[in-house]
Each structure stands twice: as C-alpha cells, then as structure tokens.
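Data block below; observations after.
There are 2 protein chains.
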Amino acid sequence: MKFADRLNRLGTETAFAVAATATEWVAKGNEVFPFHLGDLNLPTPENISAAMHRAVSEGKTGYCPNAGITPLRAALAQSLGKQRNVLFTPENIAVQPGGKPVIGKFLRSVMNPGDEVLYPNPGFPIYESQIEFNDGIAVAYRYLDTPNGFQIDLDYLESKITPKTKALIINDQQNPLAAEMTDAEREKLANLANTYNLWVLSDEAYFDIRYAGESKSIVSLPGMQDRTVILYTFSKKFAMTGWRLGAAIGPKEIVDRISRLNTNEESCTAQFVQWAGVEAINGDQSGAHELVRVLKTRRDATIAGIQTVSGMRVHTPNSAFYVFPEVSETMARTGHDDLTRFALDALHNSGMSFCTRRHFGRPVIDEKGNYIRLAYSGIDSSQIDKGLSRLAEWVNSK
Amino acid sequence: MKFADRLNRLGTETAFAVAATATEWVAKGNEVFPFHLGDLNLPTPENISAAMHRAVSEGKTGYCPNAGITPLRAALAQSLGKQRNVLFTPENIAVQPGGKPVIGKFLRSVMNPGDEVLYPNPGFPIYESQIEFNDGIAVAYRYLDTPNGFQIDLDYLESKITPKTKALIINDQQNPLAAEMTDAEREKLANLANTYNLWVLSDEAYFDIRYAGESKSIVSLPGMQDRTVILYTFSKKFAMTGWRLGAAIGPKEIVDRISRLNTNEESCTAQFVQWAGVEAINGDQSGAHELVRVLKTRRDATIAGIQTVSGMRVHTPNSAFYVFPEVSETMARTGHDDLTRFALDALHNSGMSFCTRRHFGRPVIDEKGNYIRLAYSGIDSSQIDKGLSRLAEWVNSK
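Here the protein sequences come in this chain order: A and B.
Going by the working numbering, the residue at position 34 of the first sequence is 1167; the numbering climbs one at a time, nothing skipped.
Going by the working numbering, the residue at position 322 of the second sequence is 1455; the numbering climbs one at a time, nothing skipped.
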C-alpha cells in the first residue's frame, strides 16, 4: 500500500532516540543521568489535581465548546493580558490539547503552499517539520554566541525576508539555547514584522519559568497584537506535561479559524482537564512558585558541575530549564570530532545522557562550534552533581 | 492580515448551530427537547473515573510515548482483535485524543493532492471537510431507502471509482442513518477495496452500541487487514465523550506514520486518561452494559413517539443512537417545503430540537426525500415521550 508523498516532508523529535539509547544502557545495568528529557520529574500541584477530580465527580465528562470552556478562556484572557499588558477577552483564546497543536494550527491558518516562514535554529524541531509538512518553506534564522549569551543574528534574519515570507516564529526563553531576547532584539523583530506585514507565532512555553528578571512578550509592542498568536502551555509552569493543556491566543479572526480546526481535528480538549486549568490559573500559586525554586537549585547545580568539566563553556540562563554548553575543547581532549559520537561515548563512560545541537533542526550554513543541551527538568540536584562529576572524571583524566 | 487559502475548503459540524438555536429558545423561557445532541447525558462508569484518579495520585502526569502507553495499546489489540477475529499487536495501535483525530491523520497519511476519497453521504460531516482541507477530492456515495432500511447504493459507489480513487471511508452502524451493512454489502465493499487497491477507513465509533444482532468489521474479511484503519473511540461505549480518548488501529506501517503525526500534532494523549482507558477495556463492563440498556429503552420510546406523528416514516435501527425519519408528508401537512424552516417551526411549536439531513454533508445528485435526525443519547425517556407528544399535537392538529 502506498503512502502520501507529504509524509516525506514530516520531521519528528529525534530526541526520543536519545531516550531510547539511554533506556538500553540502563537495561544493561548502568546508571544513567537523564539530562535529555524536556519533561519534569515533579508532581502537578495538588490543588490542580483536586480540581480535576471535582469536575469529574460533578459529571463534567461530556463534550464542551470547541474553543474551550468559557471559564478557562476568561481566566487565560485575564491572566495573560495582565502579565503582558494588553487587553484579551475570551474570544482571543482557543484552548488546545497542549501547546504543540498551536504550531500546526497557526501554520495551516496563515500559510499558503510555497510561503516562507522564518524559524529559530537551533530550535524546537517541530517548527521546521510542521512548516514543511504543511507545504511551506522553512527558512532558518540563527544565533550568535556572544559574551552576553546567545543573540539572534538580526542582520542575517532580515536578509532572509523575501516577498514570500508570511510568518516569523519566535521563541523567547528559548529551547534549546535558553537564550532570551534583549528589549532591543524584541523591538527589532516587532519592527520587521510590522514593516514586512508578517504573522508572528510567539512560543511562550517557558515564559513563567524564570529565576531572575522579568519575561516580556512581543505582543506588548506597538502593532503586534493584531498579528501575533501566542503559544501558551500549562505543561512547564504547573508540571502538567502529560495533561495536554494549552492555548492559542491571538486576534479573534485567527482564533475563530483555529477553533474551526479544533472542530475538525479533535472536537475539544478533555473537559475536566480544562476545569483543572481554571484552578491552575486562578487558584493557589504556591505549587508553581515551588517548582521554579526547585529548578533554580538544579540550574545552579548544573552550571557548577559544568564548570568542573575541562573545556566546556556555558552561559548561565535566567529562564527555561536548559543549558547549551559549547564542547569543542572537551571533544578534542577526549579525541572526538563527531558530536553524536561524543554524546554516545559520554553516555558509555559517565552515564551522562543528553541531546546535541543536531536534535534541534538542520544545521544552518557556516555554523560554528559544537553544542550539547542539558535539560535539568527531569533530574534531581544530587543526580546532577553525580552525573557531572562522572563526566568531569572521564574528561579530565584524558 | 491574510489567511491561508486552504481555510476556504475547511468545513465544520453545522449541528453546533442547532444547539445554539435551541439554547436561545430555552433562554426565552421555552422548554426544549434536545434531540440534536450526539453527546450522552449519562455518567462515565465509576470504575473508569477511579482508575484515572489512581493514575494521577501515582504521578502518571508526565509525557508518555507518542503512540500511547503500552498497556493501553495491548488492551486494545487484544480486545478488538478478539471481537473482530483478527490478530492485532500493540504495534497496530496508535492512541489518539478521541476518535475524530483518526480521520485527518488517516487522510494525511494516504492521500496526495487531487486524490479521490469515497465517503458516505449523508454521513459524519468531518469526512467531507477533512478530505477537502487536506487537498483531496471528496466523492460522495449514497444510500437507498428500502423497506429493509437504508442500504448503500453499491452500483453508484462502484461507478464513482476512478484511477484517482485512493481510499474508501465506511461507517457501519452509521451516523446519522443508523444504517447497518448486510454481510453482502460488507463483502462487496471489501471486494472493491481489494480490486481497486484502496485504503479503507472503517469508522467503528458505534460498533458496541447495539440492541440486537452482532456488529461485524470489514477488517475481518480476506485481504482487508493490510489496507484498513479502524477508527476506535471510547466516547460512546463508555460515555467518555469529553475525555477525548480513541485510537487508530491498522497495519504497523501506517500506524508508525500516524504516530509520527502524533509527535508533530499533540505529542501524546493525556497520560492518566489512557490509564483510565485500560480500566475501561480490561475492567468491569457493567457500566457499558447498563448504558446500552438505557439507550435501548430510549430507542423504543423514540420509535413509539414517532409513530404517533402524522406522516413520519422511520426504520427501527439495532445499533447507534439515532433515527432518521422521512418527513415529507409531515412537512406538507404543516405547510412546509423547506426542511430547515420545518425544523425551526417544529422547535418553536413543540420544543423539539433536531438536526436535518443538511447537517450531514452536501446533498448528493438526484437526492429524494426529506429527512431529519433524532439523537436519543442526550435525552431521558420521559422527555422523549413528552417532546414527541408535543410534536404530534402540533402536526396532527393541522
């Protein structure tokens, strides 16, 4: 039987292969330190689970509106509007089964075949996959590794804009770089979007995972509310990755279309999960605060551990839960010239399991350096210490 | 801001407009008898909810494999394989957030732009919408209203097969007709699929909602397992419409591709909902049996009520939870020649709220008769009696 040609353009999250390799290594009796996971090994706050149980016992187990229950749309509109200093109403919100569905639905709503979409690379691999699967041209923009951290190469990005450019995907509090935009970068991107009349998908998955400073959204800048769709998710802030709850937030005109895609693709998001979401937004926030406190401890342990490994160079991020060290010297020291091979040998010699730059989009032209991603969301501080000591032991003995 | 042209090809479930009209009429102080809903006003069996609560308290709140948790895939493989007399393994199962996602994912996996797909009409409106939205040509096949009930017009269907025909969508235990195939019809369709090398999507959403006889699946027939994807859902059998849990069941080769679409579109289905699904399949079945018992009572009440309304002609179905009466005489008696207007006047004169044939796909050429759909899944027997008495009162007084 034959399959659709379009499947040849469908990418995936190759990070899952790293998880499989780690699982194999564990099965052979080895200890593994899981820095590859973007998942959280922390419980969902109790009040949120309790709200879901209550909803089920109240019989909230039937279909609900395609765009989501009104109380959740209202809660999100108020909370996000306040944080971002814009006015949202429930009509600006289309609830989704996770943050990820927003990517494809946004693209299917704005992109014609052959349209170009700018996306961050390294970046979340589903951007590239969904642009191409939905008949668009994925045009990567890149980052510069500066003494002040990773910064978008804005000249490069602007040089990639053509009359076919339809949309710009941005991911402040970036995965995998954990880079953040300066105000100047954000303003420049907003200017470009306004000048070239681009739609903007602002992936704000890590907006609330923050250890210092304050998150800002491009939607707050002049002219942006009319052209921006925010990808919102409950996954990270409330340790709800497996609950599958998120939202597309944008102008009513596009939200109506995304809601029609909901009707076509999955009817609605599980009703009682949405009621739990109302509690997450409006209820006691101590669980969410505790989560950030724990993650900050882990970030500090991760940075401290990396600094003991010979040849690794890393920026200390103030948000998200990743670090993205440059490891060229470490590779040279351990006799590697291939990043994937280095990662595998690190696993076999120290138990450290992590993704590399290669899991986050096709390499951009003229790319320099060798980077790995350590996620500290799924591993306790004591294991972080132990894993990085083992890595240091292996590397530093060479 | 401009939207994608493809949105012009995106349909919807227009039945939601009927619900809105009914809600308005209620708000004006009128009693409404909701026969328009395909939802169930019955609770999910207790043991299923309890299994979900247990899963949450055990911390099953993180990401899980894109194709679903192995215990659920195993439970579905065993249960469905046994019922349908074929061998399924977990590799044949891709868990979904509902049955509906299977439609689009199947089409995106097998259909190239311009390919033709045969689909039932009247039928579930999302078939037509998703074929066209995903760049295919939706080719309707039709039903004949015979003394033995609705039957697929097989000659017509075969005449519509061309070299561009890629797939055939079937829906035994049909919505909205509540028609069922005879063995001969099912065998003929299997022969056509084998002869013309077609993929088959077998929508089996109502397979287990049955009052007499036995459901059969086309997948059981020779040559069909290699070309058939079953749309399975927990929604109807276990009164879990708002839980959003279903599965695509088919050859490993297509299930792998559908799982990759899962990775791209929503990562996975809510983990704890899947654990509840394991209990639904493997646990106590008394809740599911009770549900069918209640629905049978409602079916009998609906048929009895219709028979008191002058000019309505109806078949008594043995499965699903719809009836599809022909109402031309009733319309003539009440001075109507437009079906939509008749439905609205019925609401205003009797409180009866229902969908019509027009909510289930574009009319097929040379179509005869005027049909309405009464769903008895969301209304108690006493209300069924009352609503149909009111309708009879209004109609019979003319």
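C-beta: ideal position from N, C-alpha, C; glycine also.
Everything numeric in this text was worked out from a predicted model, so none of it was measured.
1) Near Ala1479 (chain B), which residues of its chain fall below 7 angstroms by C-beta distance, leaving aside the five closest residues on each side in sequence?
2) Please identify, using Cβ separations under 9 angstroms, the residues of the stretch 1374-1388 of chain B that lie next to chain A, in order along the chain.
3) Determine, using beta-carbon pairs with one atom in the stretch 1377-1385 of chain A and one in the stretch 1411-1430 of chain B, whether at least three such pairs fall under 8 angstroms.
4) Mind pulling the chain B residues with CB within less than 7 angstroms of Leu1140 (chain A)?
5) Just the chain B side, please: which residues come within less than 8 angstroms of Pro1234 (chain A) by C-beta, in chain order?
6) In chain order, what residues of the same chain have a beta carbon less than 8 angstroms from the beta carbon of Trp1158 (chain B), not counting five sequence neighbours either side?
7) Would you say Phe1371 (chain B) and Gly1420 (chain B) are within 9 angstroms of each other, going by their C-beta atoms?
8) Find out if the Cβ-Cβ distance for the pair Gly1231 (chain A), Gly1195 (chain B) is shorter than 9 angstroms.
9) What does Tyr1365 (chain A) pair with, by DSSP beta-bridge criteria?
10) By Cβ distance below 6 angstroms, which residues in the same chain neighbour Ile1439 (chain B) in space, the five residues on each side in sequence not counted?
11) Taking Tyr1260 (chain A) as part of the alpha helix (DSSP H), name the residues at either end of that continuous run.
12) Of all Cβ atoms in chain A, is any one closer than 9 angstroms to the Cβ of Gln1516 (chain B)?
13) With distances taken from CA atoms, which of B:Gln1516, B:Asp1470, B:Asp1359 is nearest Arg1431 (chain B)?
14) Looking at the C-beta of Arg1432 (chain A), does it have a partner C-beta in chain B at a distance below 9 angstroms?
15) Using a Cβ distance threshold of 8 angstroms, determine whether the stretch 1298-1308 of chain B contacts the stretch 1330-1346 of chain B, with at least three qualifying pairs required.
16) Where do the ends of the alpha helix (DSSP H) carrying Lys1299 (chain B) lie?
17) Under 8 angstroms Cβ-Cβ, which residues of chain A neighbour Pro1253 (chain B)?
18) Put Lys1204 (chain A) into one of helix, strand or coil per three-state DSSP.
19) Take Tyr1509 (chain B) and list the residues in its own chain whose beta-carbon comes closer than 8 angstroms to its own, dropping the five residues that flank it on each side.
20) Span of the beta strand (DSSP E) holding Gln1516 (chain A)?
21) For Gln1263 (chain A), would you say it is in contact with chain B, using Cβ-to-Cβ distances shorter than 9 angstroms as the test?
22) For the stretch 1284-1306 of chain A, list every residue whose C-beta sits within 9 angstroms of some C-beta in chain B, in sequence order.
23) Would you say Val1272 (chain B) reaches chain A, if we count a Cβ-Cβ gap shorter than 9 angstroms as a contact?
24) Give the list of continuous alpha helix (DSSP H) stretches no shorter than 4 residues that lie fully inside the stretch 1398-1460 of chain A.
25) Which of the residues in the stretch 1177-1206 of chain B, read from start to end, lie with their CB under 8 angstroms from any CB of chain A?
26) Counting only the same chain and skipping the five closest in sequence on each side, list residues whose C-beta sits under 7 angstroms from that of Gly1282 (chain B).
27) If you reduce the DSSP assignment to three classes, tell me which class Gly1237 (chain A) lands in.
28) Can you round the beta-carbon distance between Ser1182 (chain A) and Val1189 (chain B) to whole angstroms, since I take them to be within the 8 angstroms contact cut?
29) Can you pull the chain B residues whose beta carbon is under 7 angstroms from the beta carbon of Arg1393 (chain A), in chain order?
30) Give the C-beta separation of Asn1397 (chain A) and Gly1237 (chain B) to the nearest angstrom, bearing in mind that I take them to be a contact with Cβ-Cβ under 8 angstroms.
31) Anything in chain A within Cβ reach of Asp1336 (chain B), meaning under 7 angstroms, just list it in chain order.
32) Using alpha carbons as the reference points, say which of B:Asn1174, B:Ala1273, B:Lys1215, B:Met1185 lies closest to Ser1348 (chain B).
33) To the nearest angstrom, how far is it from the Cα of Ser1292 (chain B) to the Cα of Arg1491 (chain B)?
34) Confirm, please, whether the CB-CB distance from Thr1145 (chain A) to Ser1262 (chain A) is below 9 angstroms.
35) Look at the alpha carbon of Gly1269 (chain B) and the alpha carbon of Thr1315 (chain A), and state the distance between them as a whole number of angstroms.
36) My output table needs one value for Phe1149 (chain B): the three-state DSSP class, helix, strand or coil.
Reading from the atomic positions:
1) Within the second sequence, residue 1479 (chain B) is the residue found at index 346, counting from 1. Cβ neighbours of Ala1479 (chain B) beyond the five flanking positions: Met1485, Leu1524.
2) Interface annotation for the stretch 1374-1388 of chain B against chain A: Thr1374, Gly1375, Trp1376, Arg1377, Leu1378, Pro1384, Glu1386, Ile1387, criterion Cβ-Cβ distance under 9 angstroms.
3) In short, these stretches do not touch, since the Cβ pair count stays below three.
4) Taking the first residue of the first sequence as position 1, residue 1140 (chain A) is located at position 7. Result: Ser1242, Arg1390.
5) Along the first sequence, one-based indexing puts residue 1234 (chain A) at 101. Result: Glu1398, Glu1399.
6) Reading the second sequence from its first residue, position 25 is the one you call residue 1158 (chain B). Correct list, in chain order: Val1165, Leu1480, His1481, Gly1484, Ser1486.
7) The residue given as residue 1371 (chain B) occupies position 238 in the second sequence. The residue given as residue 1420 (chain B) occupies position 287 in the second sequence. In this structure, Gly1420 (chain B) lies closer than 9 angstroms to Phe1371 (chain B) by Cβ.
8) Start at 1 with the first residue of the first sequence, and residue 1231 (chain A) comes out as number 98. Start at 1 with the first residue of the second sequence, and residue 1195 (chain B) comes out as number 62. Against a cut-off of 9 angstroms, the Cβ pair of Gly1195 (chain B) and Gly1231 (chain A) comes out as no contact.
9) As a position in the first sequence, residue 1365 (chain A) is number 232, starting the count at 1. In DSSP, Tyr1365 (chain A) forms a bridge with A:Ala1380.
10) The residue given as residue 1439 (chain B) occupies position 306 in the second sequence. The beta carbon of Ile1439 (chain B) sits closer than 6 angstroms to those of Met1445, Val1447, Pro1458, all from its chain and outside the five residues before and after it, given in chain order.
11) Your numbering for residue 1260 (chain A) matches position 127 in the first sequence. Per DSSP, Tyr1260 (chain A) belongs to the alpha helix (DSSP H) from 1258-1266.
12) Taking the first residue of the second sequence as position 1, residue 1516 (chain B) is located at position 383. No, Gln1516 (chain B) does not count as interfacial toward chain A.
13) On the second sequence, residue 1431 (chain B) is found 298 positions in, with the first residue counted as 1. Out of B:Gln1516, B:Asp1470, B:Asp1359, B:Gln1516 has the C-alpha closest to the C-alpha of Arg1431 (chain B).
14) Here residue 1432 (chain A) is taken as the residue at index 299 of the first sequence, counted from 1. Cβ-Cβ to chain B under 9 angstroms: no for Arg1432 (chain A).
15) In short, these stretches touch, since the Cβ pair count reaches three.
16) Counting from 1 along the second sequence, the entry for residue 1299 (chain B) is found at position 166. Segment 1298-1303 is the beta strand (DSSP E) holding Lys1299 (chain B); no alpha helix (DSSP H) there.
17) In the second sequence, counting from the first residue as 1, residue 1253 (chain B) sits at position 120. Ordered by position in chain A, no residue passes the 8 angstroms Cβ test against Pro1253 (chain B), which lies about 17 angstroms from the chain.
18) Along the first sequence, one-based indexing puts residue 1204 (chain A) at 71. Note on residue identity: the sequence assigns Pro, not Lys, to residue 1204 (chain A). Three-state DSSP puts Pro1204 (chain A) in a helix.
19) As a first step, residue 1509 (chain B) must be located in the second sequence, where it is residue number 376. Answer for Tyr1509 (chain B): Phe1168, Leu1428, Arg1431, Arg1432, Ala1434, Thr1435, Phe1454, Tyr1455, Val1456, Ile1517, listed in chain order.
20) Numbered from its first residue, the first sequence carries residue 1516 (chain A) at position 383. Per DSSP, Gln1516 (chain A) belongs to no beta strand (DSSP E); it is in the alpha helix (DSSP H), 1514-1529.
21) To locate residue 1263 (chain A), count along the first sequence from 1; it is residue 130. For Gln1263 (chain A), the answer is yes, since a Cβ of chain B falls inside 9 angstroms of its Cβ.
22) Listed in sequence order: Lys1299.
23) Looking up residue 1272 (chain B) in the second sequence gives position 139. Chain A, which has no Cβ nearer than 9 angstroms to the Cβ of Val1272 (chain B), makes this no.
24) 1404-1415, 1419-1439
25) Thr1177, Ser1182, Met1185, His1186, Val1189, Ser1190, Gly1192, Lys1193, Thr1194, Gly1195, Tyr1196, Cys1197, Asn1199
26) Looking up residue 1282 (chain B) in the second sequence gives position 149. Closer than 7 angstroms at the Cβ level, and outside the excluded window around Gly1282 (chain B), lie Ala1312, His1448.
27) Within the first sequence, residue 1237 (chain A) is the residue found at index 104, counting from 1. Correct three-state label for Gly1237 (chain A): helix.
28) Counting from one through the first sequence, the residue named residue 1182 (chain A) turns up at place 49. Counting from one through the second sequence, the residue named residue 1189 (chain B) turns up at place 56. Contact flag correct, Cβ pair sits at about 5 angstroms.
29) Along the first sequence, read from residue 1 onward, the residue named residue 1393 (chain A) stands at position 260. What Arg1393 (chain A) touches in chain B: Leu1143, Thr1145.
30) As a first step, residue 1397 (chain A) is located in the first sequence; it is residue number 264 there, counting from the start. As a first step, residue 1237 (chain B) is located in the second sequence; it is residue number 104 there, counting from the start. Indeed, because the Cβ distance is near 7 angstroms, the residues count as touching under 8 angstroms.
31) Within the second sequence, residue 1336 (chain B) is the residue found at index 203, counting from 1. Residues of chain A passing the Cβ test: none, with the nearest at roughly 14 angstroms.
32) Position 215 of the second sequence, counting from 1, holds the residue named residue 1348 (chain B). The option with the nearest alpha carbon to Ser1348 (chain B) is B:Lys1215.
33) Along the second sequence, one-based indexing puts residue 1292 (chain B) at 159. Along the second sequence, one-based indexing puts residue 1491 (chain B) at 358. For Ser1292 (chain B) and Arg1491 (chain B), the distance between alpha carbons rounds to 24 angstroms.
34) Within the first sequence, numbered from 1, the residue matching residue 1262 (chain A) stands at position 129. Within the first sequence, numbered from 1, the residue matching residue 1145 (chain A) stands at position 12. Cβ distance < 9 angstroms, so Ser1262 (chain A) and Thr1145 (chain A) count as in contact.
35) Walking along the second sequence from the start, residue 1269 (chain B) turns up at place 136. Walking along the first sequence from the start, residue 1315 (chain A) turns up at place 182. Cα to Cα, the separation comes out at about 45 angstroms.
36) Translated into the one-based positions of the second sequence, residue 1149 (chain B) becomes position 16. Looking at Phe1149 (chain B) - three-state DSSP - the assignment turns out to be helix.
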